[in-house]
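These notes are about the structure you will find just below.
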Amino acid sequence: MSSIRERQAEQTSLLGRSRAERLLDGIYQRQKKYLLQQRRRAAAEAASRIVLPEEKRRRLILPETSSPSADASAGQKAKDKAARTCSAPHAASASPTSGPKSVEDAVATLQRHMWRRAKFPKAVKLFQQLWKSHFSPSTKRCLLAGFLTAASTDTCVNAPEGRTEVQTFFRETVEPLLENERRKRQDVALCLERARAARAKAREAVLQAQLESVVRPRDSSGGKRRHDGSKEVSSSGRQATVAAVAQAAAALVADLEDAELRRGEGQQARGLGGDPRDGVGSRGTELGNVTKAEAADDEVTLLDEEKELLEILQLRCKTHLLLFTDDPFQFNQQVTELRRTLDSIAASVQAVAEEVEEEPEEVEAEGQNATQGADSGNLPRDRDPSPLPDSQDREAAAERHSIQDDSHVCSSPTSVAKAPEDSQFDLRAGEGERGSDEECEATASALTGSEKEDSASINSAVPTAAPLESPGDGADPGGEDIDEDVFEDSPEVKWPLPLKKFELLNLMRCFFIDCLATVFTYRSFSWARASIEQLFQHVYLHRSIFSESDQGQISLWQAQLKVAHKSAMNITALGIGEAAHPVQDGRDERISTVHGSIVWSAKQMGC
1 MSSIRERQAE
11 QTSLLGRSRA
21 ERLLDGIYQR
31 QKKYLLQQRR
41 RAAAEAASRI
51 VLPEEKRRRL
61 ILPETSSPSA
71 DASAGQKAKD
81 KAARTCSAPH
91 AASASPTSGP
101 KSVEDAVATL
111 QRHMWRRAKF
121 PKAVKLFQQL
131 WKSHFSPSTK
141 RCLLAGFLTA
151 ASTDTCVNAP
161 EGRTEVQTFF
171 RETVEPLLEN
181 ERRKRQDVAL
191 CLERARAARA
201 KAREAVLQAQ
211 LESVVRPRDS
221 SGGKRRHDGS
231 KEVSSSGRQA
241 TVAAVAQAAA
251 ALVADLEDAE
261 LRRGEGQQAR
271 GLGGDPRDGV
281 GSRGTELGNV
291 TKAEAADDEV
301 TLLDEEKELL
311 EILQLRCKTH
321 LLLFTDDPFQ
331 FNQQVTELRR
341 TLDSIAASVQ
351 AVAEEVEEEP
361 EEVEAEGQNA
371 TQGADSGNLP
381 RDRDPSPLPD
391 SQDREAAAER
401 HSIQDDSHVC
411 SSPTSVAKAP
421 EDSQFDLRAG
431 EGERGSDEEC
441 EATASALTGS
451 EKEDSASINS
461 AVPTAAPLES
471 PGDGADPGGE
481 DIDEDVFEDS
491 PEVKWPLPLK
501 KFELLNLMRC
511 FFIDCLATVF
521 TYRSFSWARA
531 SIEQLFQHVY
541 LHRSIFSESD
551 QGQISLWQAQ
561 LKVAHKSAMN
571 ITALGIGEAA
581 HPVQDGRDER
591 ISTVHGSIVW
601 SAKQMGC
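Position 338 (the sequence shown) corresponds to 338 in full-length UniProt numbering; numbering is contiguous.
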């Protein structure tokens, strides 16, 4: 019997495990799954946060462990390690890779990961946390550079998960910042409008009083000859005229003062930073804004160029991403926003063209001032020498003239006063033609002598052009020594941003063309066809504001929209025995019309 039982036990072991063993296996598997989930969750939480130096040091000193003895030993070890680090600072400088990362290093690492599609969503999440916790006047440039990198990637537009993360980032971090700046701008405009209205009202009262004081004597002298009623009518009419003239004059004076104030601010900004299209002007403005930001530590002040950059990024991160929708209302709303953007691009191009046209006029004005300064040295000897400029003014005028054209100073110093001498020669030659030949010869000899004297005086006043020293000889042409290390470590070089006017304009054009490419893909939808045709017609009429390659692409899009395409039927799966074009029975729909006193359908049936 025992042998039979043993044989049965062997057979059961071959068939499978017992019920108890299977229950234990289930318990073990559930515990293993729970531990794996817990470990994976802890790893995700640790990876979602960037540990900064202070927080890392705090974690080392106070580690998160459950055992009190382990806490004490680990804390003692961390304190010893921190003491060794403080006592030996050269060790940390010797191994920079082992040290903790800063905000700039974290942004640089995230920028590198943003170009990979698999890591883009997580990199944007981490960048959003970094922006919320460390956005300050000292870190705003590197954070703006990181945001520009995220918006410039193709994953921001092409991948659905990338679009979601970028929309969340812009809605939660950047859009409140832009709303705050718009609110500030509206408050400032309201205050200026109130001050302007009060100033215009005060000037109106003053002008009205002055005009009444002028009009009243005439009214009192001429009013006795007329009837009392006509006198009252004329006096009321004059008072209304005086009030209207005073109001118009006050408004005109206020407008002139505002224009003069804006012109003075523009000249001051241009004097501080030079041409607003190169980055030097923005640097002068940036210094003033940084000073204001340091005064208010809790609030970050953005430059005008940075505000414009964020508004351009709004076109990429909000308007463009909202085009990926099936809602006709939302799509048409974004198309309207694109039309506004096109109008703003046209206005920006016009403003840049006007600035370029104004530059030669300013250069000519400076050249005329320099020529007048040089011409003042060619005055006759019998005049008063008091208006002659001193040597310093002449040197400044010569330097300004040499900046415009170096050849005038280097080739011949007398070329500065060549134009006035020629004009004097023409006038004197005209007098000589009306006179005798002897007077002409005397005039010519006098001119020759005066030219020699003037050239000698100018040679003595204007310093000779010294040989320019190359930067390699150890002398800086600007008079300042440039430190290459400081130049490379500057934020403008380390974190470049398109803050110049033409750079912002080109960026807006690029983002706008990308939006048009997305809009063009919706041309087959009937609910979007009309708005798309209107938008592309508007863009085609304003295609001159884009580059040649963009003009060709816009013309190609417009041509494809104008070509008549056949409406293709959507391919669907048909059932067995189902035709592609099913037969429709005429008896399904009955059309009846009332004609006279009898129904048309009944009449056809012979009723």
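Quick reminder that beta carbons are idealized off the backbone N, C-alpha and C, glycines included.
Between LEU303 and LEU36, the CB-CB gap reaches or exceeds 9 Å. Going by C-alpha positions, ALA259 is about 10 Å away from VAL253.
Following the DSSP letters along the chain, one finds GLY552 inside the alpha helix (DSSP H) bounded by residues 548–562. When the five nearest sequence neighbours on each side are left out, the beta carbons in the same chain lying within less than 8 Å of the beta carbon of PRO328 are those of TRP527 and ALA528, in order along the chain. The stretch 288–351 is shown to contain whole alpha helix (DSSP H) runs of 4 or more residues at 304–314, in chain order. Counting only residues of its own chain and dropping the five nearest sequence neighbours on each side, SER544 has a CB closer than 8 Å to the CB of GLN551. Taking a 10 Å sphere around the C-beta of HIS581, we find fewer than 16 other C-beta atoms and assign the residue as exposed. Two segments are said to touch when three or more pairs of C-beta atoms, one from each, lie closer than 8 Å; by this definition the stretch 193–207 does not touch the stretch 341–352. Counting every other CB atom within 10 Å of its CB across the protein chains shown gives HIS538 a total below 16, marking it as exposed.
Secondary structure at TYR522: coil, using DSSP grouped into helix, strand and coil.
In this structure, LEU535 is the residue among PRO137, LEU535 and ASP255 with its C-alpha nearest to the C-alpha of GLN334. For LYS184, the three-state secondary structure derived from DSSP is helix. Membership of LYS132 in the alpha helix (DSSP H) is indicated by the continuous run 120–134. DSSP places LYS501 within a helical segment (H, G or I) once states are collapsed to three.
Ranked by how close their Cα comes to the Cα of GLU503, the residues GLU175, GLY577 and SER348 have SER348 in first place. LEU505 has its alpha-carbon roughly 50 Å from the corresponding atom of GLN38. Listed in chain order, the non-local C-beta contacts of THR319 below 6 Å within the same chain comprise GLN334 and GLU337, local neighbours out to five positions each way being set aside. Here DSSP, grouped into helix, strand and coil, assigns ARG141 to helix. When DSSP states are grouped into helix, strand and coil, ASP25 belongs to the helix group.
Sixteen is the threshold: when 16 or more other Cβ atoms of the shown chains lie within 10 Å of the Cβ of ARG316, as they do, the residue is buried. Contact check for ALA159 against ARG117 passes: the beta carbons are separated by less than 9 Å. Here GLU578 carries a coil assignment [DSSP, helix/strand/coil]. For the pair THR521 and TRP557, the Cα-to-Cα distance works out to about 11 Å. For the 9 Å CB-CB criterion, VAL103 and THR139 form a contact. The closest CA to that of PHE511, considering only PHE546, PHE525 and LEU541, is found on PHE546.
Closest in alpha carbon position to ARG509, among LEU207, ILE345, GLU308 and ILE576, is ILE345.
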